[in-house]
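Scroll down for the structure; my scribbles are underneath it.
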Amino acid sequence: MKTKKQPETAAALKRTVEALMDRGAIVRNLENLGDRTLPYKISSHSQRHSRGGYFLVDFYAPATAVESIMEHLSRDIDVIRPNVVKHPLTQEVKECEGIVPVPLEEKLYSTKKRK
Amino acid sequence: MATLVAICGDLGRKKLTHFVKAALCLPDPGTHVVLWRSRSQYKYTKQVAGNEDLPVLVEDPYKEPLKKIILCGKRIDYKNTQLLSQFISPFTGCIYGRHVTGLCGKKQKEITNATKRVQIMGFMPVTYKDPAYLKDPKVCNIKYRE
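These protein sequence lines map, in sequence, to chains A and B.
Going from the first sequence to the working numbering is simple: count from 1 and add 143.
Going from the second sequence to the working numbering is simple: count from 1 and add 1.
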């Protein structure tokens, strides 16, 4: 997820997607999460930003390419805050049966051996 | 069995002995009745339970299902700032502890990690709660001073 300045967004997006593909990433999807005022003023590349656009890029990439992607994005002036995150849908939701009642009496005294 | 004994008790002693000796007891299925053949002193019949009559170990049928927390079985997405904002303080923006939210270990950890991640990414405010989400229903058991 990144935030960018308002003008020249199309060109900047194209640049970043091309950079991703250069590093061997297969772009699946690009979503625009809207332009809004940032929750707090962010200063990057000697500039203070208060408004930004949020973009989300879905891509498959080898794990080794993450570092180079982050390096490239941090150098880009248009990108305020680059972030690479694992895809949330790959993580399974474990079935939880509920809170198991813990017998607190056992935890009151420690069972360690004391000399 | 009990009624038979009572009847025997009512009758006279002499009659009782005859009665007991010649009694045709209808046993319950699975039990074999042992008639006490002594005198009228022993007025009862003893039952020796068969194997089918012993108590069977069954799971407690009145066991209540385990308590489930509000987020049980649901996936927590970091983009879901509204959900995450429900677990932070509107005044300071600090994440509530386990004793306040009432979540289990896994979910609490997931929420804290997602909240920190989203705050660092510049997607959710850190020191306060987004004003648009102030009217959300209360999930945590915390009392604010009026």
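Backbone N, C-alpha and C fix where the C-beta goes; we use that ideal spot for every residue, glycine too.
Predicted model only: the values in this text are computed from it and were never measured.
- K69 (chain B) reaches chain A at C239, E240, G241, I242, counting residues in chain order whose Cβ is nearer than 9 Å.
- The beta carbon of I143 (chain B) sits closer than 7 Å to the beta carbons of Y97, V101 from its chain, once the five residues preceding and following it are set aside; these are given in chain order.
- Within the segment 173-242 of chain A, the runs of alpha helix (DSSP H) at least 4 residues long that lie entirely inside it are, in chain order, 208-218.
- Nearest C-alpha to T233 (chain A) among B:R76, B:D131, B:K64: B:R76.
- Here I121 (chain B) carries a helix assignment [DSSP, helix/strand/coil].
- Against chain B, a Cβ distance below 7 Å from V209 (chain A) picks out nothing, because the smallest value is about 15 Å.
- In chain B, no part has a C-beta under 9 Å from the C-beta of V227 (chain A); the shortest such distance is about 11 Å.
- When the alpha-carbon of A153 (chain A) is set against those of A:P182, A:L173, A:V236, the nearest one is in A:L173.
- Proximity of chain A to D78 (chain B) at the Cβ level (cut-off 7 Å) is accounted for by P231, in chain order.
- Scanning chain A for C-beta atoms nearer than 8 Å to the C-beta of G94 (chain B) yields nothing, as the closest lies near 10 Å away.
- Straight across, the Cα-Cα distance linking K184 (chain A) with E238 (chain A) is about 40 Å.
- Looking from the CA of E235 (chain A), the closest CA among B:R99, B:S90, B:L84, B:K107 belongs to B:K107.
- The segment 66-73 of chain B makes contact with the segment 238-247 of chain A, as at least three CB pairs between them are under 8 Å.
- At a cut-off of 8 Å between C-beta atoms, R171 (chain A) does not count as an interface residue with respect to chain B.
- Bounds of the alpha helix (DSSP H) holding A155 (chain A) are 152-165.
- Within chain B, G123 have C-beta atoms less than 8 Å from the C-beta of I185 (chain A), given in sequence order.
- For L247 (chain A), the enclosing alpha helix (DSSP H) stretches over residues 247-251.
- For K68 (chain B), the beta-bridge partners assigned by DSSP are A:I242.
- When Cβ-Cβ separations below 8 Å define contact, L181 (chain A) makes contact with chain B.
- With respect to chain A, the C-beta atom of C141 (chain B) has no partner C-beta closer than 8 Å.
- Assigned with DSSP and collapsed to three states, R171 (chain A) falls in strand.
- Around the Cβ of R257 (chain A), a 10 Å sphere holds fewer than 16 other Cβ atoms; the residue is exposed.
- DSSP places I77 (chain B) in the coil class of the three-state scheme, outside both helix and strand.
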